[in-house]
Every structure is written in C-alpha cells, then in structure tokens.
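Novice: Chains as they are written, first to last, in this note's numbering: chain Z, 1 to 279; chain W, 1001 to 1027. Beta carbons are placed, not taken as given, at the ideal position from N, Cα and C, and that holds for glycine.
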Amino acid sequence: APHNTGLGFKEVACDDPEVEQVALLAVDYLNQHLLHGFSHVLNRIDKVKLWFRRPVGVVYELELDTLETTCHVLDPTPPANCSVRQVTEHAVEGDCDFHVLKQDGKFTVFHSQCHSNPDSAEDVRKLCPNCGLLIPFNDTNVVRTVKAALDTFNAQNNGTYFKLVEISRALNVPLPVSTSVEFVVAATDCNAQEVTDPAKCNLLAEKQYGFCKASLVQKLGGEEVSVACKDFQKQPQPASANTAGPAPAVDQAAPAVDQAAPAAPSAGSPASLVVGPMV
Amino acid sequence: KVVQPGMAGAAGPVAPLCPGRVRHFKI
C-alpha cells in the first residue's frame, strides 16, 4: 500500500502505471522544447512524490533518467521510434526534474529542469577500445571537418547553397585516425555554384533543414572527407504544439566535456532547460 | 523462532518503491 507520509505528499511506486504515463508525457514535453542536439527517451524513473494540491488536483514531482537517441530534435521521427545511442557510440544521459499537475484528468507540465552528461570515456573504452569519444566543438579538427564536409556537400550540390546551423556532435576516432561530426544545415537563397560571398546568403523564410554526418580521415599524404546529408521534410505541426508555453530559455551549465559549441550546446554537455507552463 | 500455527507469518521484505526499472541501460 502506498506510504502516506503525512507530510502533504504520498510516496508512490516509481513503476506505477500512472507514474509511468506522467513520466512519458514529461519526456515528450522535453523533446518538444529542446532547441538543440538530440531527442531523449525515458530510461528510468528515479523518484516520485505525489503532492496534494488545494482545493483540487495533485502534483507529480518526478526525477527521471533519460538517454539520448540518435535523432536530432529537428528530425520529425517520433523519439520512441529512434534508436537509443549505445554505450559504444558514447552515450549521453539526461537527469531531469519535472513538476506535473494533474487536474480534471488533464496533465500540465509546469516545471522542467534537465542536465545532460556524456558517459565516461572509461565506460566506452571498456566495451570498445577503438570507438570514438566525444570532443569539444571548438576543437580545431572538428571545425576543419565540418568546414571541409560542408564545402564538399555544396560543391557536389548544383542547387541550393546550404549554411551551417548547428554542430550537434563530434567524436575523435582512434582507428582509423579520423574526426566524425554530425551537424545541421539550412537552405539559403543562393545557388551553390554561384556563391561569391556566403555572408550575403540568407536562410529561407520557410526553413528547410538538413542533417549531415561526415568524417575526415587522416591518410598517408593527405586527408579524405566523406559527407552524407538528409533533409528534414517539414512536418505539419500538431495543433497542441501551438499551446506550448513561452519559448524555453536554455542556459548552458559548465560543460562536462568542455563541449562549448560556438553554434549550439551539444546534448553531450550539461544544459539546463527552464520552461514555462504548457498543456 | 517457531511460528505458532495460525499466526500470521512475518511479512517478507517490502520491495522498494523507487527507483523504477531501467528501460535501456544504466550509465
């Protein structure tokens, strides 16, 4: 039987079906408000308290563990259908606190605070001595790799010129000696073959984003870049998306792996997300 | 300690309410 602490809240089992429903709703809310990096999925419900609210309603106070998926937040794929980033890919964990009001059968997230941290290098090395490890976005190899990849992509592309929007992930790979990156680009109003001054190219009003994966391999006598991009088909926004609260303010805590990204915080560095109410 | 017949046996250890189950893997 649930423990009634007499302190105004009730302890409930973390695996209680309604608690799980609230936790999944809170992670959906998080993914709808993440502005950078990759979407997350629920991994574990750490703690839950059920507060009785006067005159009506209850508040779920949740502590959740999440894991990063391989889908960027701009990817329309539902996070539940995305692969969870594995330990050998240098996984990233999220620690989130949520306060969710349940009233008249409706759930409202009115507080959300999340930090993300990459797994330790030791954990990755234990399973895979030659797998890549996350590195800061301002690492010179990262900057060079992204530039080489984007230049190559635009050169191969006889249509729109694409600009860099965000570096989302960067790994230093020991074998073969290389740097691999994932980044977001957006179409501009320039033609790729006629660009003289990229600064004069503007993003399209109807944003058209693409997600690229690239690597720069060090070879005898030089280096070889490979890049592949896919565009994110614009998805019609669900009606509920318009009821979101004020745009979340994301303030960057001190990066755990010093991934201070010039373009945007990576999901590999702790970022805290404070958001307004949303039904 | 011999439990007399008819006495309710001592309740076994109560499973902790939290943390819940791990759905993927623990970092």
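Among Arg54/Z, Glu61/Z, Pro78/Z, Arg85/Z, which has the Cα closest to the Cα of Leu67/Z?
Specialist: Mapped onto the first sequence, residue 67/Z falls at position 67. Comparing Cα positions, the closest option is Arg85/Z.
Novice: Once DSSP output is grouped into helix, strand and coil, what is the label at Ala192/Z?
Specialist: Within the first sequence, the letter at position 192 stands for residue 192/Z. Coil.
Novice: Whose C-alpha, out of Val195/Z, His99/Z, Asn138/Z, Leu127/Z, is nearest the C-alpha of Phe52/Z?
Specialist: As a working mapping, residue 52/Z is identified with position 52 in the first sequence. With distances taken between Cα atoms, Phe52/Z lies closest to His99/Z.
Novice: Looking at the C-beta of Cys14/Z, does it have a partner C-beta in chain C at a distance below 7 Å?
Specialist: Going by chain labels, chain C is absent from the structure shown, which instead holds the protein chains Z and W.
Novice: Kindly indicate which residue of Val12/Z, Glu63/Z, Gln21/Z, Glu11/Z has the alpha-carbon position closest to the one of His115/Z.
Specialist: Mapped onto the first sequence, residue 115/Z falls at position 115. Here the closest residue by C-alpha is Glu63/Z.
Novice: Just the C-alpha distance for Ser178/Z and Ser226/Z, rounded to the nearest angstrom, thanks.
Specialist: Along the first sequence, one-based indexing puts residue 178/Z at 178. Along the first sequence, one-based indexing puts residue 226/Z at 226. Their backbone Cα atoms lie some 11 Å apart in a straight line.
Novice: Can you give the beta carbon distance from His40/Z to Val58/Z, rounded, assuming they're within the 8 Å contact cut?
Specialist: Your numbering for residue 40/Z matches position 40 in the first sequence. Your numbering for residue 58/Z matches position 58 in the first sequence. Not confirmed; about 25 Å, so no contact.
Novice: On the DSSP letters alone, give me the boundaries of the alpha helix (DSSP H) that Thr145/Z sits inside.
Specialist: Start at 1 with the first residue of the first sequence, and residue 145/Z comes out as number 145. From DSSP, the alpha helix (DSSP H) with Thr145/Z extends over 140-156.
Novice: Once DSSP output is grouped into helix, strand and coil, what is the label at Ala80/Z?
Specialist: Residue 80/Z sits at position 80 when you count from the first residue of the first sequence. Three-state DSSP puts Ala80/Z in a helix.
Novice: So which residues on chain Z does Gly1020/W lean against when the C-beta distance must stay under 7 Å?
Specialist: Translated into the one-based positions of the second sequence, residue 1020/W becomes position 20. What Gly1020/W touches in chain Z: Cys14, Asp15, Arg44, Ile45.
Novice: Could you please tell me which residues of the segment 56-89 of chain Z, in chain order, have their CB closer than 9 Å to any CB of chain W?
Specialist: Residues Glu63, Asp65, Leu67, Val84, Gln86, Val87.
Novice: When you compare only the Cα positions, how much space is there between Lys147/Z and Asn138/Z?
Specialist: Working through the first sequence from its first residue, we reach residue 147/Z at position 147. Working through the first sequence from its first residue, we reach residue 138/Z at position 138. Taking the straight line joining both Cα atoms gives about 12 Å.
Novice: Three Cβ pairs or more, each shorter than 8 Å: is that satisfied between the segment 109-129 of chain Z and the segment 87-94 of chain Z?
Specialist: Yes: the two stretches touch, three or more of their Cβ pairs being nearer than 8 Å.
Novice: Between Leu133/Z and Ala121/Z, is the Cβ-Cβ spacing less than 7 Å?
Specialist: Here residue 133/Z refers to the residue found at position 133 when the first sequence is read from its first residue. Here residue 121/Z refers to the residue found at position 121 when the first sequence is read from its first residue. Taking 7 Å as the Cβ cut-off, Leu133/Z and Ala121/Z qualify as a contacting pair.
Novice: Could you work out which residues of chain W lie near Val48/Z, taking near to mean beta carbons separated by less than 7 Å?
Specialist: Indexing the first sequence from 1 puts residue 48/Z at position 48. Simply Cys1018.
Novice: Starting from Asp231/Z, follow the beta strand (DSSP E) in both directions and report where the run begins and ends.
Specialist: Taking the first sequence and counting its residues from 1, the one referred to as residue 231/Z is at position 231. Residues 222-231.
Novice: Would a C-beta distance cut-off of 7 Å place Val1018/W and Lys47/Z closer than the cut-off?
Specialist: Within the second sequence, residue 1018/W is the residue found at index 18, counting from 1. Within the first sequence, residue 47/Z is the residue found at index 47, counting from 1. Going by the sequence as given, residue 1018/W is Cys instead of Val. In contact: Cys1018/W and Lys47/Z (Cβ atoms closer than 7 Å).
Novice: DSSP state of Gln86/Z, grouped into three classes?
Specialist: Counting from one through the first sequence, the residue named residue 86/Z turns up at place 86. Correct three-state label for Gln86/Z: coil.
Novice: What three-state label does DSSP hand Leu24/Z in the structure shown?
Specialist: Looking up residue 24/Z in the first sequence gives position 24. Three-state DSSP puts Leu24/Z in a helix.
Novice: Would DSSP call Lys49/Z helix, strand or coil?
Specialist: Along the first sequence, read from residue 1 onward, the residue named residue 49/Z stands at position 49. DSSP places Lys49/Z in strand when its eight states are reduced to three.
Novice: If contact means a Cβ-Cβ distance below 9 Å, which residues of the segment 191-214 of chain Z contact chain W?
Specialist: Residues: none.
Novice: Since I believe Asp189/Z is in contact with Gly210/Z (beta carbons under 8 Å), could you give me their beta-carbon distance rounded to a whole number of angstroms?
Specialist: Mapped onto the first sequence, residue 210/Z falls at position 210. Mapped onto the first sequence, residue 189/Z falls at position 189. At roughly 16 Å, the Cβ-Cβ gap does not stay under 8 Å, so Gly210/Z and Asp189/Z are not in contact.
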